[in-house]
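Numbering (my numbering), first residue to last: 771 to 944.
In what follows, a single structure is set out as structure tokens and then discussed.
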């Protein structure tokens with residue numbers, strides 16, 4: 771569904787590319803301008819950037835600038851390119867497109883990995899926040915508590931010793 775919305779802008783950009791390859795930068799610029807409007811409306815950022823690049827190349831190739839209105843001689847631009855050169859340029863553009871697609875795929879994979887790591891860290895942070903916090907006992911209080919415990923244990927062991935009967939003696943009748 772979303773591709774159908776983006777298709778007209780992409781077609782206009784492709785038409786601009788073909789016009790540039792055919793040696794007609796003026797026609798190419800017209801297609802690129804339409805592509806700029808359509809891709810901007812649909813939010814197709816990558817193709818918008820491509821149309822922007824093509825538009826700039828078309829302006830440079832035609833020797834005109836929309837901003838200053840300067841025009842240069844266009845005899846060199848009007849020369850038709852040979853079929854072999856057009857084929858080579860099309861092949862180069864195809865390779866460039868493949869490389870860019872691979873780069874985008876790599877960037878997307880990196881993005882997914884970073885998002886997964888971020889989510890994992892968020893879950894760890896939330897689980898640590900949910901655990902009850904342990905109170906930190908000051909070291910002096912800990913030392914005095916340890917001394918008190920040791921003293922109390924010693925007294926308890928003495929009391930336990932006195933209460934145990936001597937098994938070697940005969941039981942008394944009391």
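Heads up, the beta-carbon is just placed ideally off N, CA and C, and yes, glycines get one too.
This one's a predicted model, so the numbers in the text were calculated from it and none came from an experiment.
Helix or strand or just coil, what does DSSP make of residue i?
i: residue 832; result: helix
i: residue 824; result: helix
i: residue 894; result: helix
i: residue 865; result: helix
i: residue 902; result: coil
i: residue 939; result: coil
i: residue 786; result: helix
i: residue 815; result: helix
i: residue 850; result: coil
i: residue 793; result: coil
Out of curiosity, what's the CA-to-CA distance linking residue i and residue j?
i: residue 816; j: residue 901; result: 46 Å
i: residue 805; j: residue 819; result: 10 Å
i: residue 891; j: residue 874; result: 25 Å
i: residue 885; j: residue 867; result: 27 Å
i: residue 870; j: residue 879; result: 14 Å
i: residue 876; j: residue 861; result: 23 Å
i: residue 858; j: residue 865; result: 11 Å
i: residue 899; j: residue 893; result: 10 Å
i: residue 887; j: residue 881; result: 10 Å
i: residue 883; j: residue 814; result: 24 Å
i: residue 889; j: residue 872; result: 26 Å
i: residue 807; j: residue 801; result: 10 Å
Classify residue i as buried or exposed, calling it buried when 16 or more other Cβ atoms lie within 10 Å of its own Cβ.
i: residue 780; result: buried
Taking a contact to mean a Cβ-Cβ separation below 8 Å, would you say residue i touches residue j in this structure?
i: residue 783; j: residue 821; result: yes
i: residue 812; j: residue 775; result: yes
i: residue 824; j: residue 790; result: yes
i: residue 787; j: residue 863; result: yes
i: residue 796; j: residue 852; result: no
Does the distance between the C-beta of residue i and the nearest non-hydrogen atom of the ligand ZN fall short of 7 Å?
i: residue 885; result: The ligand content of the structure shown is nil, which means the ligand ZN is not present either.
Quick one: what's got a C-beta closer than 6 Å to residue i's C-beta in the same chain, skipping five residues either side?
i: residue 777; result: none
Give every residue of the same chain whose Cβ lies closer than 7 Å to the Cβ of residue i, excluding the five residues on either side of it in the sequence, and list them in chain order.
i: residue 799; result: 825, 828, 829, 832
i: residue 896; result: none
With a threshold of 8 Å on Cβ separation, who are the neighbours of residue i within its own chain once the five nearest residues in sequence on each side are excluded?
i: residue 850; result: 792, 793
i: residue 854; result: none
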